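Novice: Using mature numbering (1 follows the signal peptide of the UniProt record, and there is no 0), the letters of the sequence shown correspond one by one to residues -35 to -1, 1 to 403.
We put the beta carbon where it would ideally sit given N, CA and C, even for glycine.
From a predicted model like this one, the values you see are computed outputs, not experimental measurements.
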Amino acid sequence: MTLFPTGHATHPQWRMAAALVLAQLRAQMALPAYAAAPTLGLLYITDHYANDARELLDYLASELPEVTDWSGTVGVGVSANNAEYFDEPALSVMLLDVPADQYRVFSGVAPLPRHPASGFVAQTALVHADGHTPDLAELLQEMADRTETGYLFGGLSASRTGNVQFAVGGNGNMAGQGAASGVFDGGLSGVAFGPQVPLLSRVTQGCQPMGPLHTITAANDNVVLELDHEPALDVLLDTLQVTLDGDPQPALRRVRATLAGLVDAGAQPLGRQRTGHFGTDTRVRHIIGLDGARRGVALAEHVQPGMHLAFCQRNVTAARADLMRICAEIREELSPQDMEPAPAAERSAQAQGAAAPAPGTGAMTSPAGAARGRTTRGAIYVSCSGRGGPHFGGPSAELQIVRHALGDVPLVGFFAGGEIAHQQLYGYTGVLTVFTDA
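Quick look at the structure:
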């Protein structure tokens, strides 16, 4: 199997950057190790190009007529192998060579059917979404229900201008899509992949708990009123070892730097007890206010009694270690000599044609990718916009960790306003998905 061609560039003028990307793609497509006639393109741009998104897509599509389908979105940064372009005009492109009957581009114009007459069965889906879309959590759940595994990966558009998304199905697979302009805002779009597109996916968290895991015992909408039957605000202040008496400003500065990790009611929290780090069952949310009258803490998510909560902070050391962990897990999946036999539950799930998540790792292995000893064709990395740049110690440091672990593999991605994995919306995380050979 061949590698997926990639190209990336930065330039104040989008047409010059696109020309540089096209030169890289064409040079790779002429090499025997790379796909010569890919049909699916992933396009990620920074918001500097958002106002020119339609012209940019039209230009790339006209110069690459063999690429009939396009998907992508905008971020405050875009990534490539070993490099990130953060807060500067740039684009990153990958051309995927997968069977035409094993993927479908979807959007609001051409949604992914639950029971398509074509017989296409979606196993997983790459999803791009607008964070301002009403009932986004419900829409993600509905999209996951339209796949066999229920596994989604992707992220929210991040832009200071337009939250554009790209979705073109020019080969007519999806009725109505070919007549669309290909540039959208709002809702969901992306690519659904069939069972013959093997991939591995992992989630890495970027925060570390500061104290014990509490149970929410009283709540109202998005306000946590009690933790373990104690006033939530008092628990927060005790965790931070600060007080609001006297001059409250030092305490408020500590609160602004604090986040909350949530675990759904009834879920068995993973990772926290074993490692001191959050597992993929945890969703990190901002603290958006303090309720002095009710001694409550307001979060950027609806909360309910029975959910678990741990206050946390962004931690560079923890983020680096966890990113290296998921890269090592993917590398081990690709190396048969390093792998022990799959657990019985995983073998059973694979035999039934279902994805088998490794407990507590955020792992997803498609049935076609369950066998060991595969090589990487390309990768997609969606990281939180709060993780890019100096958070990992320097420019492109986050992508350099990925390259050091996985090698010089084709990679494309963007820095998002929220990350999508499983059926959940995350924050301060990275979602790494690797396409392997069959």
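Which value, in whole angstroms, describes the spacing of the CA atoms of residue 369 and residue 291?
Specialist: In a straight line, the C-alpha of residue 369 is about 13 Å away from that of residue 291.
Novice: Can you give, in chain order, each stretch of the beta strand (DSSP E) that sits fully within the segment 136 to 196 and has at least 3 residues?
Specialist: Qualifying beta strand (DSSP E) stretches, in chain order: 148 to 150, 153 to 158, 164 to 170, 172 to 174, 179 to 185 and 188 to 192.
Novice: Just to confirm, is the Cβ distance from residue 259 to residue 225 under 8 Å?
Specialist: For residue 259 and residue 225, no; Cβs fall outside 8 Å.
Novice: Under a Cβ-count criterion, where at least 16 other Cβ atoms within 10 Å of its own Cβ denotes burial, should residue 57 be classed as buried or exposed?
Specialist: Label assigned to residue 57: buried.
Novice: Taking a contact to mean a Cβ-Cβ separation below 8 Å, would you say residue 210 touches residue 272 in this structure?
Specialist: Not closer than 8 Å, so no.
Novice: Tell me which residues share the same chain as residue 177 and place their Cβ nearer than 8 Å to its Cβ, disregarding the 5 neighbours each side in the sequence.
Specialist: So the list reads 275, once near-sequence residues are dropped.
Novice: Return the chain-ordered list of same chain residues with a C-beta closer than 6 Å to the C-beta of residue 2, the five sequence neighbours on each side being excluded.
Specialist: Counting only Cβ-Cβ distances below 6 Å, and skipping sequence neighbours, we find 31.
Novice: Skipping 5 residues on each side, what residues in its chain have a beta carbon closer than 6 Å to that of residue 13?
Specialist: Same-chain partners within the cutoff: 54.
Novice: Looking at the structure shown, is residue -15 part of a helix, part of a strand, or coil, going by DSSP?
Specialist: Three-state DSSP puts residue -15 in a helix.
Novice: Are the CB atoms of residue 283 and residue 173 within a distance shorter than 8 Å?
Specialist: Yes, they are a contact pair.
Novice: Counting along the chain, where does the beta strand (DSSP E) carrying residue 57 start and finish?
Specialist: It spans 55 to 61 - the beta strand (DSSP E) in which residue 57 sits, taken as one unbroken run.
Novice: Just reading off the beta strand (DSSP E) that residue 49 is part of, what are its end residues?
Specialist: That run of the beta strand (DSSP E) goes 48 to 51.
Novice: Are the beta-carbon atoms of residue -34 and residue 9 separated by less than 8 Å?
Specialist: Not a contact, by the Cβ cut-off of 8 Å.
Novice: Cβ atoms of residue 264 and residue 346: under 8 Å apart, would you say?
Specialist: Contact flag unset, no.
Novice: For the segment 112 to 125 and the segment 372 to 383, state whether three or more C-beta atom pairs, one from each stretch, are separated by less than 8 Å.
Specialist: Yes: at least three Cβ pairs fall under 8 Å.
Novice: Quick one: Cα of residue 212 to Cα of residue 203, how far?
Specialist: The straight-line gap from Cα to Cα measures roughly 17 Å.
Novice: Whole beta strand (DSSP E) runs in the segment 102 to 137 with 3 or more residues, listed along the chain?
Specialist: 116 to 121 and 129 to 134, all fully within the segment 102 to 137.
Novice: Nearest by alpha-carbon distance to residue 268: which of -23, 189 and -17 is it?
Specialist: Among -23, 189 and -17, the Cα nearest to that of residue 268 belongs to 189.
Novice: Cα separation between residue 244 and residue 171?
Specialist: Roughly 10 Å between the two C-alpha positions.
Novice: Can you name, in chain order, every residue of its own chain whose Cβ lies under 6 Å from the Cβ of residue 37, other than the five neighbours on each side?
Specialist: So the list reads 7, 8, 9 and 131, once near-sequence residues are dropped.
Novice: On the CB-based measure, 16 or more other CB atoms within 10 Å of its CB, does residue 18 come out buried or exposed?
Specialist: With 16 or more other Cβ atoms within 10 Å, it is buried.
Novice: Can you tell which of 183, 95 and 278 has its C-alpha closest to the C-alpha of residue 73?
Specialist: Nearest C-alpha to residue 73: 95.
Novice: Taking residue 84 as the reference, give the member of 69, 98 and 393 with the closest Cα.
Specialist: Cα-wise, what sits closest to residue 84 is 69.
Novice: Classify residue 403 as buried or exposed, calling it buried when 16 or more other Cβ atoms lie within 10 Å of its own Cβ.
Specialist: Answer is exposed; the Cβ neighbour count stays below 16.
Novice: Roughly how many angstroms lie between the CA atoms of residue 198 and residue 257, to the nearest whole one?
Specialist: If you take the alpha carbons of residue 198 and residue 257, they lie about 8 Å apart.
Novice: State the CB to CB distance for the pair residue 156 and residue 60, rounded to an integer number of angstroms; the pair is presumed to be in contact (CB under 8 Å).
Specialist: Actually they are not in contact, since the Cβ atoms of residue 156 and residue 60 sit about 13 Å apart, beyond 8 Å.
Novice: If you check the beta carbons only, do residue 357 and residue 281 fall under 8 Å apart?
Specialist: For residue 357 and residue 281, yes; Cβs fall inside 8 Å.
Novice: Just the Cα atoms here: how many angstroms apart are residue 350 and residue 40?
Specialist: Rounded to whole angstroms, residue 350 to residue 40 spans 8 Å at the Cα level.
Novice: As a quick exercise: from 186, 35 and 255, pick the residue whose alpha carbon is nearest that of residue 208.
Specialist: It is 255.
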